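**Student:** First the structure, then my questions, so here it is.
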Amino acid sequence: MVKAVVGANWGDEGKGKITDLMAKEADVVIRFQGGANAGHTIVNDFGKFALHTLPSGVFYGHVTNVIGNGVALNVPLLIQELEHLVQQGVPKPHLLVSDRAQMVMPYHVLLDTYEEERLGGRSFGSTKSGIAPFYSDKFAKIGFQVSELFDEQLLREKVQQVCEVKNVLLQHLYHREPIDPQALLETLKGYRNLVEPYVGNVSAFLDRALRDGKEILLEGQLGTMKDPDHGIYPMVTSSSTLAAYGAIGAGLPPYAIQTIVAVTKAYSSAVGAGPFVTELFGDEGEELRRRGGDGGEYGATTGRPRRVGWYDCVASKYGCRLQGATDVALTVLDVLGYLPQIPVCVGYEIAGQVTTEFPVPHLLKEAKPVYEMLPGWQCDIRGIRRYEDLPENCRRYVEFVEGQIGFPITMVSNGPGREDIIYRKSPLQ
Numbered sequence: 006m007v008k009a010v011v012g013a014n015w016g017d018e019g020k021g022k023i024t025d026l027m028a029k030e031a032d033v034v035i036r037f038q039g040g041a042n043a044g045h046t047i048v049n050d051f052g053k054f055a056l057h058t059l060p061s062g063v064f065y066g067h068v069t070n071v072i073g074n075g076v077a078l079n080v081p082l083l084i085q086e087l088e089h090l091v092q093q094g095v096p097k098p099h100l101l102v103s104d105r106a107q108m109v110m111p112y113h114v115l116l117d118t119y120e121e122e123r124l125g126g127r128s129f130g131s132t133k134s135g136i137a138p139f140y141s142d143k144f145a146k147i148g149f150q151v152s153e154l155f156d157e158q159l160l161r162e163k164v165q166q167v168c169e170v171k172n173v174l175l176q177h178l179y180h181r182e183p184i185d186p187q188a189l190l191e192t193l194k195g196y197r198n199l200v201e202p203y204v205g206n207v208s209a210f211l212d213r214a215l216r217d218g219k220e221i222l223l224e225g226q227l228g229t230m231k232d233p234d235h236g237i238y239p240m241v242t243s244s245s246t247l248a249a250y251g252a253i254g255a256g257l258p259p260y261a262i263q264t265i266v267a268v269t270k271a272y273s274s275a276v277g278a279g280p281f282v283t284e285l286f287g288d289e290g291e292e293l294r295r296r297g298g299d300g301g302e303y304g305a306t307t308g309r310p311r312r313v314g315w316y317d318c319v320a321s322k323y324g325c326r327l328q329g330a331t332d333v334a335l336t337v338l339d340v341l342g343y344l345p346q347i348p349v350c351v352g353y354e355i356a357g358q359v360t361t362e363f364p365v366p367h368l369l370k371e372a373k374p375v376y377e378m379l380p381g382w383q384c385d386i387r388g389i390r391r392y393e394d395l396p397e398n399c400r401r402y403v404e405f406v407e408g409q410i411g412f413p414i415t416m417v418s419n420g421p422g423r424e425d426i427i428y429r430k431s432p433l434q
């Protein structure tokens, strides 16, 4: 069986924790898209970790952790992350890297940085990890595939071809130093040495796993609103963040994905630029940011303060629908325990009309949130393990959100640790 854990909103929903929980019952955990530009924060018996490229199954010795072909693979960062885990006392995980994955190159990071600088106030809020230039090259057919590292002649010819193109940009648009082809070739040889022990035919491996009845878990990065087709374009990422892409980015048949867990916070948060209808500012926003998550709302990769706001039922209903959610996991519910009343966005007012449908991006700039006020529970709910033991107003909050979004909330997270989880039905089958 194949299950997927994906984000219903802007990313940073707490997918790492949910994947870490579900990985306990999995045989294979796969990252199927995105790169090291976003992180998953996980708190478990080994400590607190921010994973950027490694799948969230790395804390279980029985799991094979897979980097799928859809991932933007930064080889040195992957190996550094692997070594850091081992240094922190985590047993070295089983890792398989797709021979069809493509690599983030040093010039991708440079071009990402230079373009954000050139755009100035019109920038996209990039993490400057090279993701947009990487995916641009992939679809322009000048990216470097892992398998190509093992063909010396092909590699040498391709380096020359790519340097011709990139040096025009570097010298004449950004007025920077050109790439030295020989130095780039040596860099790629270094990547080959680093990644060679882990490279394999992932689609064939997954085919065998499916035939053998193994449990496979797909792990998405970011969320629906960052999808290049269905998100807040152009303030999006450069690979599809939807569960449907898991089949492509991992090398699986689409009908194999049977369970899709869409993760959503009990309030809203986002990193990066773009419309964010329920965003809070001033003291109210700073208070929620300070209390949020485990140690506050700051990006796991960048450390940037996350933008925060009240729960957005319009965006979440849309996000869960696009993901094809069979289950919803509601995270960080414990954070809201300080509030006497909690606003929940149930609609957008645009040009004098109220809608509950998520609009196209340019209309979001005009959208004003329509709130319904719910009573708070004003107590600490960490440590509670049964749904019926939650305060009445807390349960009312969960059930109100569930009714608004129209998808079943089957998991409620009420703390950062592995054990801080409440199942509203039996753990996902």
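For the sequence shown, the working numbering gives the first residue as 6, with consecutive numbering after it. Don't be surprised by glycine CBs; every beta carbon is placed ideally from N, CA and C. Everything numeric in this text was worked out from a predicted model, so none of it was measured.
I need the straight-line Cα distance from Glu371 to Asn419, nearest angstrom please.
**Tutor:** Each residue's alpha carbon lies about 34 Å from the other.
**Student:** Does DSSP put Asn49 in a helix, a strand or coil?
**Tutor:** Asn49: strand per DSSP, three-state reduction.
**Student:** Kindly indicate which residue of Ala28, Asp17, Lys22 and Pro348 has the alpha-carbon position closest to the one of Val7.
**Tutor:** For the residues Ala28, Asp17, Lys22 and Pro348, the minimum Cα distance to Val7 belongs to Ala28.
**Student:** Look at the alpha carbon of Gln434 and the alpha carbon of Ala137, and state the distance between them as a whole number of angstroms.
**Tutor:** Since pLDDT at Gln434 reaches only 49, below the 50 mark, its modelled position is unreliable, and the value read off the structure follows with that caveat. So the alpha carbons of these two residues sit roughly 37 Å apart.
**Student:** Considering only DSSP beta bridges, list what Ser5 is partnered with.
**Tutor:** This structure cannot settle anything about residue 5, because the visible part of the chain is limited to 6 through 434.
**Student:** Below 8 Å on the Cβ atoms is my contact criterion, and I expect Val33 with Ser61 to pass it. Report the Cβ-Cβ distance as a whole number of Å.
**Tutor:** That belief does not hold up - the Cβ atoms of Val33 and Ser61 are roughly 12 Å apart, past 8 Å.
**Student:** If Tyr303 sits next to Arg309, beta carbons under 8 Å apart, how far is it from one beta carbon to the other, in whole angstroms?
**Tutor:** Contact flag correct, Cβ pair sits at about 7 Å.
**Student:** Answer with buried or exposed for Phe37, where buried requires no fewer than 16 other C-beta atoms within 10 angstroms of its C-beta.
**Tutor:** With 16 or more other Cβ atoms within 10 Å, it is buried.
**Student:** How is Glu284 classed by DSSP in three states: helix, strand or coil?
**Tutor:** If DSSP states are grouped into helix, strand and coil, Glu284 belongs with the strands.
**Student:** Is DSSP giving Tyr250 helix, strand or coil here?
**Tutor:** The answer is helix: DSSP assigns Tyr250 an H, G or I state.
**Student:** Do the segment 213–221 and the segment 153–173 make contact, defined as three or more Cβ pairs closer than 8 Å?
**Tutor:** Result no; under three Cβ-Cβ pairs closer than 8 Å.
**Student:** From which residue to which residue does the beta strand (DSSP E) around Met378 run?
**Tutor:** Note, Met378: beta strand (DSSP E), Lys373 to Pro380.
**Student:** Using a 10 Å radius around the Cβ and a threshold of 16 neighbouring Cβ atoms, would you call Asp185 buried or exposed?
**Tutor:** Per the 10 Å Cβ criterion, exposed.
**Student:** Using beta-carbon positions only, say whether Cys350 and Pro380 come within less than 7 Å of one another.
**Tutor:** No, the Cβ-Cβ distance between Cys350 and Pro380 is not below 7 Å.
**Student:** Taking Tyr353 and Pro364 to be in contact with their CB atoms under 8 Å, please state how far apart those CB atoms are, rounded to whole angstroms.
**Tutor:** Indeed they touch by this definition, with Cβ atoms about 7 Å apart.
**Student:** By DSSP's criteria, Ile427 is part of a beta bridge. Which residues make up the other side?
**Tutor:** Answer by DSSP bridge pairing, in chain order: Val417.
**Student:** Tell me whether Asn14 sits in a helix, a strand or coil according to DSSP, three-state version.
**Tutor:** Three-state DSSP puts Asn14 in coil, outside helix and strand.
**Student:** My parser needs the beta strand (DSSP E) runs of 3 or more residues fully inside the segment 198–258; what are they?
**Tutor:** Counting whole runs of 3 or more residues, the segment 198–258 contains the beta strand (DSSP E) stretches 221–228.
**Student:** Leaving aside the five residues before and after Arg387 along the sequence, list all residues of the same chain whose C-beta is less than 7 Å from its C-beta, in chain order.
**Tutor:** For Arg387, where only same-chain residues beyond five positions count, the Cβ hits under 7 Å are Asp339, Asn419, Gly420 and Asp425.
**Student:** Quick check on the DSSP output: the alpha helix (DSSP H) that includes Gly408 runs from which residue to which?
**Tutor:** Glu397 to Ile410 is the extent of the alpha helix (DSSP H) around Gly408.
**Student:** Tell me which residue opens and which closes the beta strand (DSSP E) that Val349 is part of.
**Tutor:** Gln346 to Ile355 is the span of the beta strand (DSSP E), which, as asked, contains Val349.
**Student:** Assuming Ser244 contacts Tyr140 (C-beta within less than 8 Å), just tell me the rounded distance between them.
**Tutor:** Indeed they touch by this definition, with Cβ atoms about 6 Å apart.
**Student:** Of all the options Ile237, Lys194, Arg423 and Gly135, which has the alpha carbon lying nearest to the alpha carbon of Ala278?
**Tutor:** The shortest C-alpha separation from Ala278 is found at Ile237.
**Student:** With a threshold of 6 Å on Cβ separation, who are the neighbours of Ile147 within its own chain once the five nearest residues in sequence on each side are excluded?
**Tutor:** Once the five neighbours on either side are set aside, the close Cβ partners of Ile147 are Val167.
**Student:** By the DSSP assignment, the alpha helix (DSSP H) with Val91 in it spans what residues?
**Tutor:** From DSSP, the alpha helix (DSSP H) with Val91 extends over Val80 to Gln92.
**Student:** Just to confirm before moving on: does the CB-CB distance between Val80 and Val266 stay below 7 Å?
**Tutor:** Against a cut-off of 7 Å, the Cβ pair of Val266 and Val80 comes out as no contact.
**Student:** Just to confirm my understanding: we take Gly357, look at its own chain, exclude 5 residues before and 5 after, and list those with CB closer than 8 Å. What are they?
**Tutor:** If we look at Gly357 and ignore the five residues flanking it on each side, it has no Cβ neighbours.
**Student:** Taking the alpha helix (DSSP H) that Ile23 falls in, what are its first and last residues?
**Tutor:** It spans Lys20 to Ala28 - the alpha helix (DSSP H) in which Ile23 sits, taken as one unbroken run.
**Student:** For Gly21, which residues from the same chain have a beta carbon less than 6 Å from its beta carbon, with the 5 sequence-adjacent residues on both sides left out?
**Tutor:** Excluding positions up to five away in sequence, the list reads His45, Thr46, Ile47 and Ser61.
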